[in-house]
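The structure appears right after this line, and notes come after that.
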Amino acid sequence: MADAALVASLSLVLAVSALTDLRHRLIFDAVLAPAALAAVVLTVAAEPEMLGPRLGAAAGAGTFLLAAALARPGGMGLGDVKLAAVLGLHIGPAVAPALVLGLASGAVVGTATALARRRSLSGATVPLAPHLAAGTALVGIVSLL
Numbered sequence: 001m002a003d004a005a006l007v008a009s010l011s012l013v014l015a016v017s018a019l020t021d022l023r024h025r026l027i028f029d030a031v032l033a034p035a036a037l038a039a040v041v042l043t044v045a046a047e048p049e050m051l052g053p054r055l056g057a058a059a060g061a062g063t064f065l066l067a068a069a070l071a072r073p074g075g076m077g078l079g080d081v082k083l084a085a086v087l088g089l090h091i092g093p094a095v096a097p098a099l100v101l102g103l104a105s106g107a108v109v110g111t112a113t114a115l116a117r118r119r120s121l122s123g124a125t126v127p128l129a130p131h132l133a134a135g136t137a138l139v140g141i142v143s144l145l
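Under my numbering, the first residue of the sequence shown carries the number 1, and numbering increases by one thereafter.
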């Protein structure tokens with residue numbers, strides 16, 4: 001039961017964040033905070049031994065994207081950083097390949113968009129949440145195989 005609720009929480013936060021990032025270039029704390037709380041509560045209820053690894057994954061994912069955001073101001077917002085941390089709370093160490101896939105997807109789309117518009121790659125930005133959602137979904141699907 002808790003596993004299904006965790007998947008539902010993850011699915012909801014990814015869908016809402018991807019849509020709002022696409023439409024408004026924003027990822028709302030009002031979505032992320034309840035999802036983070038749900039992930040912690042559900043983990044404690046169902047798999048308390050996974051709380052440490054999931055907290056570590058959240059800290060690692062958030063720190064990794066924070067470093068990227070600080071390295072290139074304006075390229076990534078703090079909503080993306082917080083979303084990465086929430087993903088870590090939900091999927092634990094599997095967040096690493098999800099981030100790699102999401103960032104790679106975002107880089108490919110950003111490059112293609114800049115080239116299609118004949119703009120400099122240095123100023124190209126794309127909403128990252130849809131790509132993080134896709135990377136997370138792909139990791140989830142592969143884990144079922």
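Even glycine gets a Cβ: it sits at the ideal position worked out from N, Cα and C.
Counted within 10 angstroms of its Cβ, other Cβ atoms place residue i as buried (16 or more) or exposed
i: Asp29; result: exposed
i: Val139; result: buried
i: Ala116; result: exposed
i: Ala18; result: buried
i: Val142; result: exposed
i: Leu103; result: buried
i: Leu145; result: exposed
Close-in-space but distant-in-sequence residues of the same chain around residue i (CB under 6 Å, 5 per side omitted)
i: Asp21; result: Ile27, Pro127, Ala129
i: Ser9; result: Ala35, Ala38
i: Arg118; result: none
Start and end residues, alpha helix (DSSP H) containing residue i
i: Arg23; result: 2-24
i: Ala69; result: 51-71
i: Ile27; result: Segment: none, Ile27 is in no alpha helix (DSSP H) and carries neither H nor E.
i: Ala150; result: Lying before the first or after the last residue shown, residue 150 is absent from the chain, which here runs from 1 to 145.
i: Leu144; result: 129-144
Beta-carbon separation (whole angstroms), residue i vs residue j, contact threshold 8 Å
i: Gly62; j: Val81; result: 5 Å
i: Ala57; j: Pro93; result: 5 Å
Spatial neighbours of residue i in its chain, beta-carbon cut-off 8 Å, leaving aside the 5 residues before and after
i: Ala69; result: Gly75, Met76, Gly77, Leu78, Asp80, Val81
i: Ala59; result: Ala85, Gly88
7 Å Cβ shell around residue i - same chain, five flanking residues per side excluded
i: Leu65; result: Met76, Asp80, Val81, Ala84
i: Gly106; result: Val126, Leu128, His131
i: Ala2; result: Leu42, Ala45, Ala46
i: Leu6; result: Ala39, Leu42, His90
i: Arg25; result: Pro127
Check your understanding: Pairing CB atoms from the stretch 46-60 with CB atoms from the stretch 104-117, are three or more of them under 8 Å?
Key -> no
**Study point:** Three or more C-beta pairs below 8 Å linking the stretch 82-102 and the stretch 131-138
**Key:** yes
**Study point:** At least three beta-carbon pairs within less than 8 Å, the stretch 77-89 to the stretch 35-46
**Key:** yes
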